[in-house]
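For the sequence shown, the numbering used here begins at 27 and goes up steadily by one. Backbone N, C-alpha and C fix where the C-beta goes; we use that ideal spot for every residue, glycine too.
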Amino acid sequence: MSNLQLKLEAWIDDVNREDGLTLQILEKFLDAMFFLIKWAGIPFVIYLLFEISKW
């Protein structure tokens with residue numbers, strides 16, 4: 027149990043640091059999500075606008 031507690035405390039310290047590994051991983055993940063949403067979502071919205079204009 028103390029091993030788990032030490033790991034949790036180390037993770038909390040990492041999250042509280044400005045340049046922590048956890049925040050770097052989260053930043054990369056969010057950047058990738060934004061990239062996918064931007065480049066997949068914009069053409070989809072344009073397609074929807076064309077389909078709506080056919081009505």
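query = How about Leu49 and Val41: do their beta carbons lie closer than 8 Å?
reply = Contact: yes.
inquiry  = Between the alpha carbons of Leu75 and Leu52, how many angstroms are there, rounded?
reply    = Using only the alpha carbons, I get a separation of about 33 Å.
ask   = Among the residues of its own chain, which have a CB less than 7 Å from the CB of Gly46, if the five just before and after it don't count?
value = Here the set comprises Asp40.
message = Assuming Met59 is part of the alpha helix (DSSP H), what are its boundary residues?
response = Note, Met59: alpha helix (DSSP H), 47-79.
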